[in-house]
Amino acid sequence: MLPGEEYQMWPDAKLLDLLRLDDREAFAMLYKRYSAKLFHAAYNLFRDRDVCEDLVQELFIALWTKRHQLNITSLEAYLKVAIRHRVIYYIRTKKATLDLEVVEELIEKYTADSKLLQSDISQLLENNVALLPEKCRQIFTLSRKEYLSNKEIASRLNISIKTVENQITIALRFLRTGLTDYLPSVIALLMVYMMQ
1 MLPGEEYQMW PDAKLLDLLR LDDREAFAML YKRYSAKLFH AAYNLFRDRD VCEDLVQELF
61 IALWTKRHQL NITSLEAYLK VAIRHRVIYY IRTKKATLDL EVVEELIEKY TADSKLLQSD
121 ISQLLENNVA LLPEKCRQIF TLSRKEYLSN KEIASRLNIS IKTVENQITI ALRFLRTGLT
181 DYLPSVIALL MVYMMQ
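Letter by letter, the sequence shown follows residues 1 to 196 of the UniProt record's numbering.
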């Protein structure tokens with residue numbers, strides 16, 4: 001058996017005990033066991049490889065740094081909560097930005113059973129769309145609710161395609177800002193579903 005191979009067979013609890021004793025091979029095995037899953041959970045939200053690699057690296061650096069103080073009963077549960085907290089921190093501090101369309105897709109995918117959450121999110125979006133300037137709201141509604149292309153919207157409203165693109169960008173920026181307070185809660189809930 002090669003050095004470190006026996007670590008693959010050991011449960012998390014044994015590896016955590018070794019980690020507390022400064023065992024780097026145990027740490028490497030925990031990283032190997034969980035880093036990809038944590039990366040994918042973050043990547044589903046940010047779609048930015050560098051940001052997600054940073055998140056995972058920071059999480060494991062913190063795990064190593066705090067190894068002597070950790071009182072963990074379930075490493076998997078601990079890591080799920082830790083990555084959720086780091087994602088929310090990145091959103092709040094604007095270290096990374098979410099793609100609103102990706103968030104909408106994830107909400108549809110993971111909250112199909114939660115009618116209350118869907119209703120709350122839909123109402124929040126509607127309230128924010130209602131606050132858009134009239135022309136911007138009209139263009140955004142044609143794009144997102146009637147599913148018209150930018151070219152079709154430009155033709156219907158007798159404006160340039162560039163104006164349509166600019167107004168949609170303005171609307172998305174405004175909506176992203178309006179959802180900032182609510183978004184971390186939604187993301188935290190989504191990550192629970194994504195990591196099951």
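A virtual CB, placed ideally from N, CA and C, is assigned to each residue, including glycine.
Checklist entry - Grouping DSSP H, G and I as helix and E and B as strand, with all else coil, what is I139? => result helix
Item to check | Whole-angstrom distance between K135 and E101, CA atom to CA atom | outcome: 21 Å
Item to check | Own chain, CB closer than 6 Å to D54, minus 5 neighbours either side, in chain order | outcome: none
Checklist entry - Taking the Cβ atom as the reference point for each residue, do Y90 and A82 lie within a distance shorter than 8 Å? => result no
Checklist entry - Between the C-alpha atoms of V129 and L19, what's the straight-line distance to the nearest angstrom? => result 50 Å
Checklist entry - Would the segment 54 to 68 and the segment 147 to 165 be scored as touching if the rule is three or more Cβ pairs under 8 Å? => result no
Checklist entry - If you draw a straight line from the C-alpha of R84 to the C-alpha of L131, how long is it? => result 30 Å
Item to check | Presumed contact (8 Å Cβ cut-off) between L16 and I72, rounded CB distance | outcome: 6 Å
Next on the checklist: Can you give me the C-alpha to C-alpha distance between E105 and L172, rounded to a whole angstrom?
Outcome noted: 15 Å
Next on the checklist: Taking 8 Å as the threshold (beta carbon to beta carbon), is F39 in contact with chain D?
Outcome noted: Checking the listed chains, one finds no chain D in this structure; it contains a single protein chain.
Next on the checklist: My output table needs one value for N150: the three-state DSSP class, helix, strand or coil.
Outcome noted: helix
Checklist entry - Given that a residue counts as buried once 16 or more other Cβ atoms are within 10 Å of its Cβ, and exposed if not, what is residue 197? => result For residue 197 there is no data in the structure shown, the boundaries of the chain being 1 and 196.
Item to check | I153 beta carbon less than 8 Å from that of S160 | outcome: no
Next on the checklist: So, for L175: in the same chain, excluding its five sequence neighbours on each side, which residues have a beta-carbon less than 6 Å away from its beta-carbon?
Outcome noted: N128
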